[in-house]
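*Asks:* In full-length UniProt numbering, the protein residues as written are 1 to 176.
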């Protein structure tokens with residue numbers, strides 16, 4: 001089974017007040033920390049919703065503005081087109097992901113409890129998600145997770161999810 005890693009980075013980051021992906025942590029952008037933790041677990045890595053140097057950019061599907069489900073649909077479609085079986089997803093604001101996240105989430109579909117952007121998904125569900133998004137369905141991740149009966153996996157330690165400047169400051173103080 002081949003895994004495509006997908007970093008979701010298309011949000012407006014209103015609560016953060018700036019470009020979350022580029023926020024510096026230890027001399028590197030936050031998104032680079034995410035990429036460094038996902039890459040060893042995946043056969044290829046992409047970014048969804050924006051461009052970033054060194055990463056292939058994937059567009060939301062079927063169109064922009066559908067939030068994380070549009071990003072997931074884009075990633076699943078790209079994975080299927082490039083011959084990947086699974087997609088391991090993360091937001092760009094989770095800099096200390098477990099280095100064995102894919103193994104912890106297997107078998108797909110599964111998400112980290114309380115962190116629905118951290119998931120392992122079947123690329124074969126691309127058409128099903130596209131139909132869901134074109135239909136009259138709730139566009140919340142939790143609704144899609146329930147619709148496909150994805151497992152919710154608890155981790156012994158939740159990864160940092162940095163949505164505000166104060167959360168970044170607390171993370172930097174804690175992690176040095």
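For each residue, glycine too, the CB sits at the ideal point set by N, CA and C.
#1: Taking all protein chains shown into account, decide if residue 113 is buried (16 or more other Cβ within 10 angstroms of its Cβ) or exposed.
#2: Could you compute how far the alpha carbon of residue 83 sits from the alpha carbon of residue 2?
#3: Please list, in chain order, all residues of the same chain as residue 34 whose beta carbon is under 7 Å from its beta carbon, the five residues on each side excluded.
#4: Hey, quick one: how far does the beta strand (DSSP E) through residue 47 stretch, first residue to last?
#5: Taking residue 162 as the reference, which of 155, 153, 174 and 139 has the closest Cα?
#6: Across the segment 38-55 and the segment 123-136, are there enough close Cβ pairs to call them in contact, namely three or more that are closer than 8 Å?
#7: The alpha helix (DSSP H) spanning residue 67 covers which residue range?
#8: If I follow the unbroken alpha helix (DSSP H) through residue 52, where does it start and stop?
#9: According to DSSP, simplified to helix, strand and coil, what is residue 6?
#10: Evaluate contact between the segment 107-121 and the segment 140-155, counting only Cβ atoms and requiring at least three cross-stretch pairs below 8 Å.
#11: Is there contact between the segment 71-88 and the segment 156-172, where contact requires at least three CB pairs shorter than 8 Å?
#12: Residue 146 lies in the alpha helix (DSSP H); which residues open and close that run?
#13: Tell me which residue opens and which closes the alpha helix (DSSP H) that residue 33 is part of.
#14: Nearest to residue 62 by alpha carbon, out of 146, 131 and 136?
#15: Measuring CA to CA, which of 21, 75, 134 and 67 is closest to residue 226?
#16: Indicate whether residue 172 and residue 25 have their beta-carbon atoms separated by less than 9 Å.
*Replies:* By the coordinates alone:
#1: exposed
#2: 8 Å
#3: 7, 90, 92, 94, 95 and 97
#4: 44-48
#5: 174
#6: no
#7: 67-81
#8: Neither: residue 52 is in no alpha helix (DSSP H) and is coded neither H nor E.
#9: strand
#10: yes
#11: no
#12: 141-147
#13: 30-38
#14: 131
#15: Residue 226 lies beyond the residue range present for the chain, which begins at 1 and ends at 176; the question has no answer from this structure.
#16: yes
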